[in-house]
Amino acid sequence: MKPLVRPAFCGLLSAAAGLAAAELVASLTRPEASPLVTIGGSVIDATPTPVKEWAVRNFGTNDKPLLLTGIVVGLVAFAAFVGILASRKRTAGLAAVGLFGVLGVIAALSRPAHRSIDVLAPIVGGVVAVGVLAILTRPIGEAGGRRRFLTTAAIIAGGVAVAGAGAAVLRQVTGRDAQRARDAIKLPAPADAAKPQPNGSTSFFTPNGEFYRVDTSLTVPTIDVESWQVRIHGMVDRPMTLTFADLLKRPLTERDITLNCVSNEVGGPYIGNAKWLGVPLAGLLREAGIQSGADQIISRATEGMTIGTPVSTVLDGRDAMLAIGMNGEPLPLEHGFPMRMLTPGLYGYVGACKWIVDIELGTFADFDPYWVKRGWAAKAPVKTASRIDRPLPFAQIKAGEVTVAGVAWAQTRGITSVQLQIDGGQWVEAELIPVATADTWVQWRYAWKAPAGGHSIKVRAIDKTGDVQTEARATPFPDGATGLHTVAVTVT
Ligand SMILES: Nc1nc2c(c(=O)[nH]1)N[C@H]1C(S)=C(S)[C@@H](COP(=O)(O)O)O[C@H]1N2
Ligand SMILES: [Mo]
1 MKPLVRPAFC GLLSAAAGLA AAELVASLTR PEASPLVTIG GSVIDATPTP VKEWAVRNFG
61 TNDKPLLLTG IVVGLVAFAA FVGILASRKR TAGLAAVGLF GVLGVIAALS RPAHRSIDVL
121 APIVGGVVAV GVLAILTRPI GEAGGRRRFL TTAAIIAGGV AVAGAGAAVL RQVTGRDAQR
181 ARDAIKLPAP ADAAKPQPNG STSFFTPNGE FYRVDTSLTV PTIDVESWQV RIHGMVDRPM
241 TLTFADLLKR PLTERDITLN CVSNEVGGPY IGNAKWLGVP LAGLLREAGI QSGADQIISR
301 ATEGMTIGTP VSTVLDGRDA MLAIGMNGEP LPLEHGFPMR MLTPGLYGYV GACKWIVDIE
361 LGTFADFDPY WVKRGWAAKA PVKTASRIDR PLPFAQIKAG EVTVAGVAWA QTRGITSVQL
421 QIDGGQWVEA ELIPVATADT WVQWRYAWKA PAGGHSIKVR AIDKTGDVQT EARATPFPDG
481 ATGLHTVAVT VT
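Counting along the sequence shown from 1, when you hit position 260 you're at 260 in full-length UniProt numbering, and nothing is skipped either side.
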């Protein structure tokens, strides 16, 4: 058997050279379309929904670094194999390493919001990988022995390091520029302020840094706000294009709105409440002139997400908006800077597209957005729900008066009552802390005289339409979890 180390090394070095070159070209052309990101995005999109749900459940936001590591491990294994192949059948090996480029091109073109320029990086990467492998596997006579090979390899490795570092630095600079531009924005005061909240509770609003994040994007998009614009088109009489400056010039509305994710399990953390500032969407759409028959608003994000929102929900009087501010600041990059949609009463995947670059009026019959293609419900109003935040599950607490507290929500309908059931007994009313509108969660609390022993506390909410939160358990797929949050505690 021929020794495997040198051929595997040649494969790895050529793949590394190709990847570094491709990443460098991408960071110069369009960082969102870096091959690692487009390949990773394609892997995410091809992942079956149950696996994705499992990953979100078990790794939360950490599912992405994990995926990137997986991709790199896969690339390393394939590269080593290609090197070994090239040492036996040189042409086959060269063709195989070229596959990296082809894969990259396919991944780039399969992204929903790709531009033609995106194929440049994988093409350059493929050519570099083939070239490097060709040089490293030259027949011995031409290659001039071991010493010469090592020198060549060292020079290539140096090139890889420089290109890789260059790509990383450029990436950081774009990220920092976007962050700086975001930080420099002075948001105008709202023309229409949010109703003052009657409660003084600090935890009513979720600070931006603690707000949950759920998206399929491997890297946080860094949109250049100066050149950014959004087009509103499709089934409208007067298509329009708006820049960020155009949005700032319009009368802005400020609203307190609770946003939650359809993937949230009963009692889960993917919900947050913030003060949002934005342009009312209903007014914009009426200006554009919605044509009859248009029933779906399709938002497209810079990284390729598509989200479909019913026209009827946006026009029914609720405060749907194109948001540019969150809790008194410009939108944080990870929450959709420079602009995202918000639709009170809808789960995020049908009403809250981030990093929007395009809004098209169309129909549900003609277009399935990203998650709908994957089996999730096309229309997904939030379900009435409640959560116990205190005491924590399995807490050990002292006998006596214990405050049980949490949140309940039924955006657009509002919460009329929250009830607790302790150890399967009678349902008792919790105290609701008053809120200004139906679009936020409600904080509740209950003073419980806790006797010693093991106890279970169960919560349910009743919304203002009279609907009692169902005890029947349902998984988040396809339109949101149901069931009652129950916490077991030990009182001593
Ligand atoms: N561009 C884009 N927008 C997106 C998503 C996404 O993956 N990409 N995820 C949606 C989902 S599933 C949810 S629940 C909300 C989450 O918003 P947040 O991350 O600001 O909390 O964003 C929505 N908007
Ligand atoms: Mo979500």
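We treat Cβ as the ideally placed atom computed from N, Cα and C, and that holds for glycine.
Comparing alpha carbon positions, the residue from 477, 106, 233, 269 closest to residue 387 is 269. Nearest in C-alpha terms to residue 3, of all of 32, 178, 80, is 80.
The criterion of a C-beta distance shorter than 8 angstroms is not satisfied by residue 362 and residue 411. Per DSSP, the continuous alpha helix (DSSP H) segment holding residue 179 begins and ends at 145 to 184. Take residue 397, set aside five residues on each side of it, and the residues of its chain with a beta-carbon closer than 7 angstroms to its own are 391, 450, 489, 491, in chain order.
Looking at the DSSP output, residue 299 sits in a beta bridge with 307, 359.
Boundaries of the alpha helix (DSSP H) harbouring residue 349: 348 to 351, taken from the DSSP string. When secondary structure is reduced to three states using DSSP, residue 370 falls in the helix class. With fewer than 16 other beta carbons inside 10 angstroms of its own, residue 394 counts as exposed. Taking 7 angstroms as the cut-off, one finds at least one heavy atom of ligand 1 near enough to the beta carbon of residue 215.
Ligand 1 approaches residue 335 closely enough that one of its heavy atoms is under 7 angstroms from the residue's Cβ. In the three-state reduction of the DSSP assignment, residue 315 falls in the helix class, which pools H, G and I. For residue 262, the shortest separation between its Cβ and any heavy atom of ligand 2 lies below 7 angstroms. Excluding residues up to 5 positions away in sequence, 253 lie with their Cβ nearer than 6 angstroms to the Cβ of residue 192 in the same chain. Of the candidates 136, 161, 162, the residue whose Cα lies closest to the Cα of residue 151 is 136. Taken in chain order, the whole beta strand (DSSP E) runs of length 3 or more contained in the stretch 437 to 478 are 442 to 450, 453 to 463.
For residue 17 and residue 40, the gap between their C-alpha atoms comes out near 19 angstroms. About 4 angstroms separates the CB atoms of residue 118 and residue 108; that is less than 8 angstroms, so the two are in contact. At a Cβ-Cβ threshold of 8 angstroms, residue 111 and residue 47 do not count as neighbours.
Per DSSP, the unbroken alpha helix (DSSP H) holding residue 90 starts and ends at 90 to 110. The count of Cβ pairs closer than 8 angstroms, one atom from the stretch 404 to 423 and one from the stretch 368 to 386, reaches three, so the stretches are in contact.
The Cβ atoms of residue 231 and residue 241 sit closer than 8 angstroms to each other.
Straight through space, the alpha carbons of residue 199 and residue 433 are spaced by roughly 7 angstroms. Not a single heavy atom of ligand 2 lies less than 7 angstroms from the C-beta of residue 370. For residue 71, the secondary structure class from DSSP, reduced to helix, strand or coil, is helix. Apart from the 5 residues on each side of it in sequence, residue 278 sits with its Cβ closer than 6 angstroms to the Cβ of 321, 322, 323, 324 in its chain, given in chain order. For residue 52, the enclosing alpha helix (DSSP H) begins and ends at 49 to 59. Residues 32, 302, 303, 355 of the same chain have their beta carbon placed closer than 7 angstroms to that of residue 221, with the five preceding and five following residues left out of the count.
In this structure, DSSP gives residue 82 a helical state, which the three-state scheme calls helix. Excluding the 5 residues flanking it on each side, residue 251 has same chain C-beta neighbours closer than 6 angstroms at 191, in chain order. In the DSSP annotation of this structure, the continuous segment of the alpha helix (DSSP H) that includes residue 45 starts and ends at 35 to 46. Within the same chain, Cβ atoms closer than 7 angstroms to the Cβ of residue 310 are found at 295, 296, 379, the five residues on either side in sequence being excluded.
Remark: the shortest separation between the CB of residue 349 and any heavy atom of ligand 2 falls under 7 angstroms. If you look at residue 29, you'll find it in the alpha helix (DSSP H) that goes 5 to 29. In the DSSP annotation of this structure, the continuous segment of the alpha helix (DSSP H) that includes residue 135 starts and ends at 120 to 136.
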